[in-house]
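Encoded as structure tokens, the structure appears first; notes follow it.
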Amino acid sequence: MITVLWSLLPIFALIAGGFLLRAVFIRSETAWRLVEKSAYYVLFPSLLIVTLSRLRFDVGTLAPLLAITSASLIIVAAFLLVFRARLPFDGPSFSSIFQGAIRYNTYVGLSAASAVYGESGIAMMALLAAAMIPTVNVLSVYVLTRFASHKGFSWQTTFGELVKNPLILSALAGLSLSAFQMQLPAIVADILGALGKASLPLGLLAVGAGLNLTSISGHSRPIVLGSVLKLLVLPSLVWGMGVLASIDPVHLAVAVLYSSLPTASSAFILARELGGDHSLMASIITVQTMLAFLTMPVILLFHL
8 MITVLWSLLP
18 IFALIAGGFL
28 LRAVFIRSET
38 AWRLVEKSAY
48 YVLFPSLLIV
58 TLSRLRFDVG
68 TLAPLLAITS
78 ASLIIVAAFL
88 LVFRARLPFD
98 GPSFSSIFQG
108 AIRYNTYVGL
118 SAASAVYGES
128 GIAMMALLAA
138 AMIPTVNVLS
148 VYVLTRFASH
158 KGFSWQTTFG
168 ELVKNPLILS
178 ALAGLSLSAF
188 QMQLPAIVAD
198 ILGALGKASL
208 PLGLLAVGAG
218 LNLTSISGHS
228 RPIVLGSVLK
238 LLVLPSLVWG
248 MGVLASIDPV
258 HLAVAVLYSS
268 LPTASSAFIL
278 ARELGGDHSL
288 MASIITVQTM
298 LAFLTMPVIL
308 LFHL
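Numbered as in the numbering used here, the sequence shown ends at 311 without a single skipped number.
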């Protein structure tokens, strides 16, 4: 237990540090957006390319892992859609609850996997993220355009966003190098490696800087619903399916860890752009990130 808590402590310390830096020292929103964009478009992709290019994986071994992770996500999404009419929330609020229940904060996930399982954990987490990002984005855009926006759902727009996603592109690049057993030139590997090392601390500081405590009041019921589904129900589903399917314990551990992540900060941007309740979305992101201080260690201890 102490080992798990000690491994995760630096992650949440960096998130708290980002919050304090934004509140006291670096209050410029422009500065933090630059940090976040640098991590998202340059640093994290560098980390994924280097890590995944070294991976030697067996598709047959990983297929069941991806299947149970996807199935658990679909179950949670279907539950919300089936019971939409019975929930006492308007369309924009429902869309924010939905995003809160199905999205994953990849920054936190890669950092946690690195802390607990090392480079192999990063590679496994990156594979899960690359596989799940398209599904999560399609579902999120569909629900937002269906229940919160008057623009209507567009496959063309959704596909356009997916093919521009730097995490997907970098994961595909790294996996392609791995599949063909190609090595990066030494100088390129060194440069990408140096950039990748900066990705996790800067990404976590940006997560902390994005927290907004003033938005929480008045949103208790939707926050509770989205948080319970995301932080407790989803990882429990993954664990249960994984045990039944006899998934490799280490692979299952990473999948459960991935499913226990708080919702992504990017959900706020999507909610604001497509007519969702972005104030509620900010509340859900903030509360889930704080709750993850407690739930992630508990999930790791009791489900693994």
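The beta carbon of each residue, even a glycine, is placed where N, CA and C say it ideally should be.
Here Gly24 has Leu212 and Gly215 as same chain residues with Cβ atoms under 7 Å from its own Cβ, once five neighbours each way along the sequence are excluded. Of all C-beta pairs linking the segment 255 to 265 to the segment 90 to 103, fewer than three are shorter than 8 Å, placing the two stretches out of contact. Under the 8 Å Cβ criterion, the segment 227 to 234 counts as touching the segment 99 to 107, having at least three qualifying pairs. Distances from the CA of Pro99 to each of Leu287, Leu220 and Ile22 were compared; the closest alpha carbon is that of Leu287. Following the DSSP letters along the chain, one finds Gly283 in no alpha helix (DSSP H), marked with neither H nor E. Of all alpha-carbon atoms in Val148, Leu15 and Ala136, the one lying nearest the alpha-carbon of Leu179 is that of Ala136. Minimum Cα-Cα distance from Ile129 among the listed residues Tyr265, Val294, Leu277 and Leu301 corresponds to Tyr265.
In this structure, the beta-carbon distance from Ala108 to Gly217 does not fall below 8 Å.
Contact between Val240 and Val115 does not hold, since their C-beta atoms are separated by about 18 Å, which reaches or exceeds 8 Å. Boundaries of the alpha helix (DSSP H) harbouring Asp197: Ala193 to Ala216, taken from the DSSP string. Phe90 carries a coil assignment under DSSP once its states are collapsed to helix, strand and coil.
Put simply, of Met248, Thr302 and Leu21 the residue whose alpha carbon is nearest the alpha carbon of Pro269 is Thr302.
Excluding five sequence positions before and after Thr76, the CB atoms of its chain that fall closer than 8 Å to its own CB belong to Leu135, Ala138, Met139, Val245, Ala262, Tyr265 and Ser266, given in chain order.
Between Ile306 and Pro242 the beta-carbon gap is near 5 Å, inside 8 Å, which marks them as a contact. Here Trp162 is exposed: its Cβ has fewer than 16 other Cβ atoms, across all protein chains shown, within 10 Å.
Judged by beta-carbon spacing, Ala271 lies within the 8 Å limit of Tyr111, meaning their Cβ atoms are closer than that value. Using a Cβ distance threshold of 8 Å, Leu277 and Ser147 count as a contacting pair. Rounded to whole angstroms, Leu72 and Phe32 show a C-alpha spacing of 43 Å.
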